[in-house]
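Chains as they are written, first to last, in full-length UniProt numbering: chain A, 1 to 177; chain B, 1 to 177. We treat Cβ as the ideally placed atom computed from N, Cα and C, and that holds for glycine. Since the model is a prediction, treat every value here as computed from it, not as a measurement.
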């Protein structure tokens, strides 16, 4: 075993989402940071939106009873949204795991969590004892990013471990190595 | 040569400064990203403040002659500042090179540039064809950072290549791996 591969038993957290950029970040990292036989543990994290969407209105539409807030959607619709959200999570993680299929002696784990991705990624980095967090440079849609800022920007400022932010190069700039 | 080391001919730019955090970032990267015999080129970049400090006042202290701006400091003082600045640059780069002394088959280059570190680091990443930028999470003093934001934050948003931001763990959190 070479020196390069003998000394690693790192826990590397990769935040993945529906966007191409996070899959590119994972691929880039597999070529540049994670190695065969490295004994690293790779944790693929997908963050779903919070599954229960509450409204300040109670079931009658009044706001005079703060003790009984109602759901914004009916239970049926909430269940459908939750089911769809879980399917998206499964699909994203399946795609990510496929990218990792050639890794040998690297443990690949998956996690699905719910909440604001900024907070969840920061919390999970700490809870899972990540030695390195890897993510694409985006992580929200264009409109949401305009209001909330980018997830990667928030995480790079708040996560305690090293953070690798990988941007997908523009087609004209040539593919990354 | 192992697979992990055979495929690399990357240009890795590491921004170093007087702070302990940038030296920690370099050390961490040498253990986690840069490998012996990898054929990577490691470029250590130090950014000095702009060396000529101009004043809108002319040499007589009047502002009615825009063609002949004077120096804010006398030439002697400017020369002394420049000399001190160069000595700091040499000292930082010497310290950084010492950290890299055990690297085999990895080219180590040094660069000294002048200007706002945020712009210079972004520009040099592109000009030098960096495949990866590595930096500590700070890069300004506390007061300057309060006004300008952190260098790493700016660079992570504006540099086109992947950016690795390494924070020095707090003593209570235990040393990094």
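Cβ separation of residue i and residue j, assumed to be a contact under 8 Å, to the nearest whole Å
{"i": "residue 153(A)", "j": "residue 153(B)", "result": "7 Å"}
{"i": "residue 135(B)", "j": "residue 22(B)", "result": "7 Å"}
{"i": "residue 162(A)", "j": "residue 166(B)", "result": "4 Å"}
{"i": "residue 20(B)", "j": "residue 168(B)", "result": "6 Å"}
Under 9 Å from the C-beta of residue i: neighbouring residues of chain B
{"i": "residue 153(A)", "result": "153, 156 and 157"}
{"i": "residue 120(A)", "result": "Within 9 Å Cβ-Cβ: nothing; residue 120(A) doesn't reach chain B, min ~19 Å."}
{"i": "residue 160(A)", "result": "167, 169, 170 and 173"}
Residues that DSSP places opposite residue i in a beta bridge
{"i": "residue 239(B)", "result": "Nothing in the structure corresponds to residue 239(B), since chain B is present only between 1 and 177."}
{"i": "residue 48(B)", "result": "114(B)"}
{"i": "residue 132(A)", "result": "12(A)"}
{"i": "residue 43(B)", "result": "13(B) and 109(B)"}
{"i": "residue 166(A)", "result": "136(A)"}
Minimum Cβ-Cβ distance from residue i to chain D less than 9 Å
{"i": "residue 163(B)", "result": "The question asks about chain D, but that chain is absent: this structure's protein chains are A and B."}
Chain B contact residues for residue i, given Cβ-Cβ distances below 8 Å
{"i": "residue 33(A)", "result": "32 and 33"}
Beta-carbon gap between residue i and residue j smaller than 9 Å
{"i": "residue 14(A)", "j": "residue 48(A)", "result": "no"}
{"i": "residue 137(A)", "j": "residue 25(A)", "result": "yes"}
{"i": "residue 11(B)", "j": "residue 129(B)", "result": "yes"}
{"i": "residue 183(A)", "j": "residue 99(A)", "result": "An answer regarding residue 183(A) cannot be provided, because it is not within the stretch 1 to 177 covered by chain A."}
{"i": "residue 16(A)", "j": "residue 92(A)", "result": "yes"}
{"i": "residue 111(A)", "j": "residue 46(A)", "result": "yes"}
C-alpha gap between residue i and residue j, whole angstroms
{"i": "residue 81(B)", "j": "residue 73(B)", "result": "10 Å"}
{"i": "residue 18(B)", "j": "residue 114(A)", "result": "41 Å"}
{"i": "residue 76(B)", "j": "residue 86(B)", "result": "15 Å"}
{"i": "residue 116(A)", "j": "residue 104(B)", "result": "44 Å"}
{"i": "residue 33(B)", "j": "residue 151(B)", "result": "21 Å"}
{"i": "residue 44(A)", "j": "residue 96(A)", "result": "8 Å"}
{"i": "residue 133(A)", "j": "residue 131(B)", "result": "18 Å"}
{"i": "residue 125(A)", "j": "residue 109(A)", "result": "14 Å"}
{"i": "residue 94(B)", "j": "residue 101(B)", "result": "10 Å"}
{"i": "residue 37(A)", "j": "residue 35(B)", "result": "15 Å"}
{"i": "residue 90(A)", "j": "residue 84(A)", "result": "10 Å"}
{"i": "residue 42(B)", "j": "residue 127(B)", "result": "15 Å"}
{"i": "residue 28(A)", "j": "residue 122(B)", "result": "20 Å"}
{"i": "residue 79(A)", "j": "residue 50(B)", "result": "60 Å"}
{"i": "residue 160(A)", "j": "residue 160(B)", "result": "23 Å"}
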